[in-house]
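Heads up: the structure comes next, in structure tokens.
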Amino acid sequence: MAERVLIFDTTLRDGEQTPGVSFHLREKIEIAKTLETMGVDVIEAGFAASSKGDYRAISAVSEAVRNPVICSLARCVPSDIETAAQALEKAARKRIHVFIATSPIHMEKKLHMTPEEVLEATVKSVKLARNFCDDVEFSLEDATRTDREFLLRVTEAAIAAGAGTINLPDTVGYAAVSEYGQMFREVLEKVPGADKVILSAHCHNDLGLATATSLEAIRCGARQVECTINGLGERAGNAAMEEIVMGLRTRKNYYGCDTGVNSRQIYHASRMLANLTGVEPSPNKPVVGANAFQHQSGIHQHGVLNNRETYEIMKPEELGIPQQALALGKLSGKHALADRASQLGYTLAGEELNTAFTRFKELADRKKEITDRDVLAILREARVMQGTAYKLFAFQIFTGNKMTSTATVTLEKDGATFTRAACGDGPVEACFNAVDDISGLHCSLASYNIKAVTEGQDALGEVTVRVTCGEETMLGRGVSTDILEASCLAYLNAVNRILAHQAAERMQEVQA
Ligand code: MN
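With my numbering as the guide, the letters of the sequence shown map in order to residues 62 to 573.
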């Protein structure tokens, strides 16, 4: 029997620290439900004291998700721990995750605390957290750059104070693989009570070693790993859940460990996160990259055709990667679209399904075969078209090489239309300025990207923008056969999201 390794997913906390990524409440709940379906053991839903948004997300996830343990991060500060406990109130199973940095550089330069003060804060905070919650995890931030004797002392104190899980993170992705494992062995050997708690690994990918260090920690006694879908996370990211799950499963005989994750949900979850964040895994990303199961060389192709195992150590169907994708066309029904959407990581229902289906039919009139990429483009658009948002009714743009570009844009909202004309450096800016005049927001464009999503004459152009308004940066997408229309739709999409977010904030304030 393989020993069980707990999967602690931090996509919603560390994953959301991916540059440019922020999730809406609705998206967080959707992600958490997917994690529950996958069979994840612990969901770190946020850092309750860090923002109202995190607090709300933890509390909403606590209500919506019943099987996994729901966790909130907290500093060794009484108010942080109390806030975490409040946010988790409705959870069926809850955990408070207390952390403090223990490395000399973090203690001196960041915390301005002596090692003795850090030790004292550890004990006090773990005890306080235990008053609220039986399940307390304690993290020694920057453990891999911490003096080893001190690490052993703090670990011992945290266990004695009542922590049931001790996490030794490689916060900055600094550790060498065998060195990281050795730290776990030493803790197990030298710290009284270490064999009675769960030791946890939390690795970052700054040197491309996050999966390797996580697996080595498991080999050396860790029984929980902290990870994210697609390896999302600050800087080079966190250890990728799909790599760890498949690493253990593919080499079960070697590691003697397995997780409770249903690998057939991996592809769906990976697509979902790529869709929600706009961060596409690189094509050569292990397990979920577009090329992960492509065979180019003749010898390899020949081998795979004879027997897939010649060059494949995992089966794509084990990951839920759709085989022999059903070609969608003019005659496909709503159900077929919803099915395909689900394989691509979208749960479509109600109004959203209707919007997507209308758009699908329009496209099917113009294109014989609708590819997955077409479907994805439609879905992304449908996701944001619904609700009482501004819709593009009409636009007209004048542009040229020796004139100022001008755009006249008409938007529709709740049955009313609004028309404004504006100038700009180029047709795209002119169009965005006209939209700003209507929305009344003062936005700036943080990034603009355009790509063709399909081949041929009738190719769809997809524009992705990041729009900053005050503190907030939102992703927007637009798809059209006309690139200026795609640009305008993308910008409008981001503006609608900003407005929706502001409205939600106001609602919250009224209720509070
Ligand atoms: Mn981290």
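Glycine included, every Cβ here is placed at the ideal spot set by N, Cα and C.
Assuming residue i is part of the alpha helix (DSSP H), what are its boundary residues?
i       : result
Val-122 : 113-125
Ala-109 : Per DSSP, Ala-109 belongs to no alpha helix (DSSP H) and is neither H nor E.
Ser-164 : From DSSP, Ser-164 is part of no alpha helix (DSSP H); its letter is neither H nor E.
Arg-325 : Run containing Arg-325: none; DSSP gives neither H nor E here.
Met-244 : 238-251
Ser-500 : 488-500
Gly-461 : Unbroken run through Gly-461: none, as it is neither H nor E.
Ala-273 : 271-280
Asp-400 : 395-404
Arg-427 : 411-427
Ala-145 : 139-148
Thr-98  : 86-99
Ala-190 : 176-193
Thr-216 : 209-222
Gly-485 : It is not in any alpha helix (DSSP H) - Gly-485 instead sits in the beta strand (DSSP E) that spans 477-485.
Lys-313 : 313-316
Val-365 : 359-367
When you compare the CB positions of residue i and residue j, do they come within less than 8 Å of one another, or not?
i       : j       : result
Arg-136 : Glu-105 : no
Arg-206 : Ser-164 : yes
Ile-511 : Val-470 : no
Asp-433 : Leu-424 : no
Ala-495 : Ala-483 : yes
Ile-305 : Leu-276 : yes
Gln-78  : Glu-240 : no
Leu-389 : Ile-431 : yes
Ala-283 : Ala-297 : no
Val-126 : Glu-97  : yes
Ala-399 : Leu-409 : yes
Thr-338 : Val-514 : no
Thr-311 : Val-252 : no
Ala-110 : Asp-141 : yes
Asn-299 : Cys-288 : yes
Thr-272 : Asp-231 : no
Gly-539 : Ala-551 : yes
Val-103 : Val-130 : yes
Leu-162 : Lys-171 : Looking at the sequence shown, residue 162 is not Leu but Ala. Yes, the pair counts as a contact, with Cβ atoms nearer than the cut-off.
Pro-652 : Leu-180 : Since the displayed the chain opens at 62 and closes at 573, residue 652 lies outside it and no answer follows.
Leu-212 : Ala-204 : yes
Val-248 : Thr-226 : no
Val-524 : Leu-506 : no
Val-349 : Glu-378 : no
Gly-522 : Ser-508 : no
Gly-242 : Arg-332 : no
Glu-64  : Gly-269 : no
Using CA coordinates, which residue listed in the options is at the minimum distance from residue i?
i       : options                               : result
Ala-301 : Arg-284, Lys-313, Ala-330 and Ala-283 : Ala-330
Ala-255 : Leu-270, Ile-220 and Asp-267          : Ile-220
Phe-459 : Arg-434, Thr-480 and Pro-488          : Pro-488
Asn-336 : His-356, Leu-380, Gln-362 and Gln-404 : Gln-404
Ala-145 : Ala-162, Ser-120 and Ser-505          : Ser-120
Gln-147 : Val-349, Leu-180 and Phe-108          : Phe-108
Ala-468 : Tyr-451, Asp-486 and Cys-492          : Cys-492
Leu-293 : Asn-314, Leu-309, Val-340 and Cys-281 : Val-340
Cys-132 : Val-101, Glu-303 and Gly-381          : Val-101
Leu-380 : Ser-505, Gly-225, Tyr-328 and Thr-371 : Tyr-328
Lys-89  : Met-62, Ile-68, Glu-124 and Ala-63    : Glu-124
Asn-291 : Lys-185, Tyr-315, Glu-64 and His-265  : His-265
Asn-462 : Asp-475, Glu-473 and Asp-486          : Asp-486
Gly-223 : Cys-549, Phe-193, Ala-153 and Arg-209 : Phe-193
For the beta strand (DSSP E) containing residue i, name the first residue and the last one.
i       : result
His-263 : 259-264
Tyr-509 : 505-513
Asn-228 : 226-231
Val-540 : 533-541
Ser-466 : 466-474
Ser-133 : 130-136
Phe-69  : 67-70
Leu-201 : 197-202
Gln-285 : 285-288
Gly-577 : Only positions 62 to 573 of the chain appear in the structure, and residue 577 is not among them; the question remains open.
Using beta carbons (cut-off 8 Å, strictly below), is residue i in contact with chain B?
i       : result
Leu-213 : Looking for chain B here will not work: only one protein chain is present.
Legend entry - Segment contact flag, the segment 195-208 with the segment 142-159, C-beta cutoff 8 Å, min 3 pairs: yes
Inset, instruction - Specify whether the segment 227-241 and the segment 314-332 touch according to this definition: at least 3 beta carbon pairs, one from each stretch, less than 8 Å apart. - result: Segments in contact, no.
Legend entry - Cβ contact (3+ pairs, closer than 8 Å) linking the segment 555-565 and the segment 525-532: yes
Inset, instruction - Please confirm if the segment 409-420 is in contact with the segment 449-456, defined as three or more CB-CB distances below 8 Å between the two stretches. - result: no
Inset, instruction - Could you tell me whether the segment 356-369 touches the segment 340-347, using the rule of 3 or more Cβ pairs below 8 Å? - result: no
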